[in-house]
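What follows is a single structure, written as structure tokens, with notes after it.
Residue numbers (this note's numbering): -18 to 112.
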């Protein structure tokens, strides 16, 4: 049988390993919460467009990264595309919005106009579904 001193040392060692293991071995880094990072844009839109503005900004943030913090409603798609570290063209963003939301836009379309188009499209799609 182990003496109480050895038993105490053994339990102390196990406790130390468990504690240090949690400090040394941390979980992998979690991705950036783009919804949180783009919440600022909601303040520039009326209440009925805020959710759409934040959703679109979060999607654009996946492409342009932290430069999304520069976004204002008056930026156009060409300006936003220029923020991307990987070369991306406004036409790529336009194609994305056509496919994802079925809205027409061009490189001079402002973020505000895009939000309005997508919000209107979602509202009309919602009415069609309700009927």
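Glycine included, each C-beta is placed from N, C-alpha and C at the ideal position.
Which partner residues does residue i have in the DSSP bridge list?
| i | result |
| --- | --- |
| residue 57 | 91 |
Taking the alpha carbon of residue i as the reference point, which residue from the options has its own alpha carbon closest?
| i | options | result |
| --- | --- | --- |
| residue 71 | 77, 78, 59 | 59 |
| residue 101 | 68, 15, 33 | 33 |
| residue 49 | 86, 29, 16 | 16 |
| residue 22 | 99, 98, -10, 92 | 92 |
| residue 56 | 66, 68, 67, 41 | 41 |
| residue 44 | 26, 25, 36, 67 | 67 |
| residue 31 | 79, 97, -13 | 97 |
| residue 83 | 106, 47, -14, 51 | 106 |
| residue 39 | 63, 20, 26 | 20 |
What's the call for residue i, buried or exposed, on a 16-neighbour Cβ count within 10 Å?
| i | result |
| --- | --- |
| residue 76 | exposed |
| residue 104 | exposed |
| residue 61 | buried |
| residue 13 | exposed |
| residue 53 | exposed |
| residue 81 | exposed |
| residue 99 | buried |
| residue 74 | buried |
Which stretch, first to last residue, makes up the alpha helix (DSSP H) that contains residue i?
| i | result |
| --- | --- |
| residue 76 | 71 to 82 |
| residue 20 | No alpha helix (DSSP H) holds residue 20; DSSP gives it neither H nor E. |
| residue 43 | 31 to 45 |
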